[in-house]
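Enquirer:
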Ligand code: AMP
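Numbering (our numbering), first residue to last: 165 to 380.
1) Is residue 265 near the ligand AMP, going by C-beta to nearest heavy atom under 7 Å?
2) With a threshold of 7 Å, establish whether the CB of residue 222 neighbours any heavy atom of the ligand AMP.
3) What do you reckon, are the CB atoms on residue 274 and residue 167 nearer than 8 Å?
4) If residue 277 sits next to residue 294, beta carbons under 8 Å apart, how far is it from one beta carbon to the other, in whole angstroms?
5) Among all the DSSP beta bridges, which residues are the ones paired with residue 315?
6) Can you check the segment 258–287 for any beta strand (DSSP E) of at least 3 residues that lies completely inside it and give the ranges in chain order?
7) Is residue 196 close to the ligand AMP? I mean its beta-carbon at under 7 Å from any heavy atom of the ligand.
8) Looking only at C-alpha atoms, which of 345, 328, 357 and 183 sits nearest to residue 253?
9) On the three-pair Cβ rule with 8 Å, is the segment 313–326 touching the segment 232–251?
10) At what residues does the beta strand (DSSP E) containing residue 361 begin and finish?
11) Quick check on the DSSP output: what are the complete beta strand (DSSP E) runs of length 3 or more inside the segment 189–268, in order along the chain?
12) Since residue 293 is in the beta strand (DSSP E), which residue starts that stretch and which ends it?
13) Under the rule that 16 or more other beta-carbon atoms within 10 Å means buried, what is residue 327, buried or exposed?
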């Protein structure tokens, strides 16, 4: 079976962490639009500069730009062998756009996984979050600490914080999640693709639950 999944959930609910492990287990690529934007910003250029301003304020990059990078990824990869889209779609137009792109390719989504977490937990997780600048492994100061301060367990790389993981921006992202992304949740609920997972559970349990859900 080819799994074609989208991961939804408020900021810092664990989408990236779970998607990374699941991608290895299922052998399908992990596609994070947030990661793609951060990489584009590091490379620079005019489009990246525009995206950077939205990201730093905790706002969404406009739909046309976001659809463009997802369409490009699908065109280049074919998408047929499956994927985990992490952090996309976040607006109803993005969801409808994705439906259309996948319909054209005869590769409809298999599930939409929602990692459910309340606001205070999102803030607590967002504020302590760190990632390895080399291999991208995710950590948290108190919940998932590295063995050595500031150093990646997996590759020895340096750990970094995201510029948008401050309290003000996390709260802004939560607000936008409520205003825009909850409609996407409703869309997949109607299409009977939605699978809700309690993201407060330890990550091993979240992973195990998701693994079972996507295989049924
Ligand atoms: P993430 O890494 O998923 O938390 O995304 C970080 C930031 O990238 C978001 O706060 C947005 O500014 C931008 N971004 C990521 N995915 C999307 C999307 N699907 N639509 C619009 N903006 C996005």
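The beta carbon of each residue, even a glycine, is placed where N, CA and C say it ideally should be.
Expert: The structure says:
1) No; taking the cut-off as 7 Å, the Cβ of residue 265 has no heavy atom of the ligand AMP nearer than that.
2) Residue 222 has its Cβ nearer than 7 Å to a heavy atom of the ligand AMP.
3) Taking 8 Å as the Cβ cut-off, residue 274 and residue 167 qualify as a contacting pair.
4) That belief does not hold up - the Cβ atoms of residue 277 and residue 294 are roughly 24 Å apart, past 8 Å.
5) Assignment of beta-bridge partners to residue 315 by DSSP yields 312 and 322.
6) Entirely contained in the segment 258–287, the beta strand (DSSP E) runs reaching 3 residues are, in chain order, 275–280.
7) Yes.
8) The alpha carbon of residue 253 has as its nearest neighbour, out of 345, 328, 357 and 183, the alpha carbon of 345.
9) With contact defined as three or more Cβ pairs closer than 8 Å, the segment 313–326 and the segment 232–251 are not in contact.
10) According to the DSSP assignment, residue 361 belongs to the beta strand (DSSP E) that extends over 358–362.
11) Within the segment 189–268, the complete beta strand (DSSP E) runs of at least 3 residues are 194–196 and 247–250.
12) It spans 293–296 - the beta strand (DSSP E) in which residue 293 sits, taken as one unbroken run.
13) Per the 10 Å Cβ criterion, exposed.
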